[in-house]
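Scroll down for the structure; my scribbles are underneath it.
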Amino acid sequence: MEVRMDDTKRFVIAYKGLKPGQYTFHFEVDGGLFAAYENSEIKDGHCRVEVVMTRLEQLLDLDIAIAGSVVVACDRCLEDCEIPIDYRGHLAVKFSDEVQEYDGEVLWLSPSEGEVDLTQYIYESIVLALPYQRVHPEGKCNPEMMARFRIVSGEEFAALEAEAEQQAPPEGEWAKLASLKERMEREELEAQEEALAEELTSEAEECEEALADGDEEKKL
Numbered sequence: 030m031e032v033r034m035d036d037t038k039r040f041v042i043a044y045k046g047l048k049p050g051q052y053t054f055h056f057e058v059d060g061g062l063f064a065a066y067e068n069s070e071i072k073d074g075h076c077r078v079e080v081v082m083t084r085l086e087q088l089l090d091l092d093i094a095i096a097g098s099v100v101v102a103c104d105r106c107l108e109d110c111e112i113p114i115d116y117r118g119h120l121a122v123k124f125s126d127e128v129q130e131y132d133g134e135v136l137w138l139s140p141s142e143g144e145v146d147l148t149q150y151i152y153e154s155i156v157l158a159l160p161y162q163r164v165h166p167e168g169k170c171n172p173e174m175m176a177r178f179r180i181v182s183g184e185e186f187a188a189l190e191a192e193a194e195q196q197a198p199p200e201g202e203w204a205k206l207a208s209l210k211e212r213m214e215r216e217e218l219e220a221q222e223e224a225l226a227e228e229l230t231s232e233a234e235e236c237e238e239a240l241a242d243g244d245e246e247k248k249l
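Note that the sequence shown covers residues 30 to 249 in the numbering used here.
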């Protein structure tokens, strides 16, 4: 049986009322799906989704195929890059009155539910289908952007280091500055310690005077 879902329930399968058996559903994925996820690295795309669902008494068994392409930033030139998508997956939908955690392979629903929403599953499957490195075919990157991100060669790096050394103060000057900084920090620390010692001495003298005054009052 072929089923095409309307736009109001784009990635939802209404299984309530379906007799045990096998059903096939088709969905169309466009940029609207990726726009719904604010932090999505996918800018646009178009994919076709086919879901073959086997309806059992206590289980929905889904075989899901996704094919198409999406648009992401090229890892080399940062320009838009079209990446093909080809995904095959399996999802089991089980029923329980208790809340169960979704693990990517089994989705738990309440027995009172009548439909399963595949939006999250489809989005995550497309993301997982992306290759680790997303780049244009060789020679297709934007040459202007590639020039900006050109990797510096070893010879160029050595030349830059040499130029930096020539512009830096002589080693003796650095040593003088470091010594001066160390002496200033040491003098500041000594001044703080001296001030603390004077404060403690003053407090101790005040305590002794207070004790002496108390003894004299007792004698009177």
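For every residue, glycine included, the Cβ atom is placed at its ideal position computed from N, Cα and C.
Report all residues from its chain with a CB closer than 7 Å to the CB of residue i; omit the five preceding and five following residues, and keep chain order.
| i | result |
| --- | --- |
| L107 | M174 |
| T83 | Q51 and D90 |
| Q129 | W137 |
| E228 | none |
One question on the structure: do residue i and residue j come within less than 9 Å of each other, judged by their Cβ atoms?
| i | j | result |
| --- | --- | --- |
| G60 | R77 | no |
| H55 | L91 | no |
| H75 | V99 | yes |
| F124 | Q87 | yes |
| A121 | E111 | no |
| L85 | P140 | no |
| A158 | Y131 | no |
Could you say which of the options lies nearest to residue i if we only look at CA atoms?
| i | options | result |
| --- | --- | --- |
| Y66 | E223, H165 and V156 | V156 |
| L51 | S125, L89 and S69 | Reading off the sequence shown, one finds Gln at residue 51, where the question assumed Leu. Comparing Cα-Cα distances from Q51 to each of S125, L89 and S69, the minimum goes to L89. |
| L102 | R117, Y116, K72 and V128 | Reading the sequence as shown, one finds Ala at residue 102 and not Leu. Of the listed residues, the one whose Cα sits closest to A102 is K72. |
| A43 | D146, S154, D126 and S69 | D146 |
| P166 | D126, P113 and E214 | P113 |
| R39 | R177, E234, L225 and Y152 | Y152 |
With a threshold of 8 Å on Cβ separation, who are the neighbours of residue i within its own chain once the five nearest residues in sequence on each side are excluded?
| i | result |
| --- | --- |
| C170 | C103, R105, C106, E108 and V164 |
| Y161 | none |
| S154 | I93, I95, Y116 and G118 |
| E232 | none |
| A226 | none |
Using a Cβ-Cβ cutoff of less than 6 Å, which residues in the same chain neighbour residue i once the five nearest sequence positions on both sides are dropped?
| i | result |
| --- | --- |
| K45 | G143 |
| V80 | F54, L91 and I93 |
| Q149 | none |
| E217 | none |
Taking DSSP's pairing of strands, which residues face residue i in a bridge?
| i | result |
| --- | --- |
| A233 | Its beta-bridge partners do not exist; DSSP assigns none. |
| A43 | E144 |
Cβ-heavy atom distance between residue i and the ligand SAH below 8 Å?
| i | result |
| --- | --- |
| C106 | This structure lacks the ligand SAH; in fact it carries no ligand of any kind. |
3-residue-minimum beta strand (DSSP E) runs that sit fully inside the segment 48–116, ordered along the chain = 50–58, 73–84 and 88–102
Quick one: complete beta strand (DSSP E) runs, 3+ long, within the segment 106–167?
-> 109–124, 135–138 and 144–146
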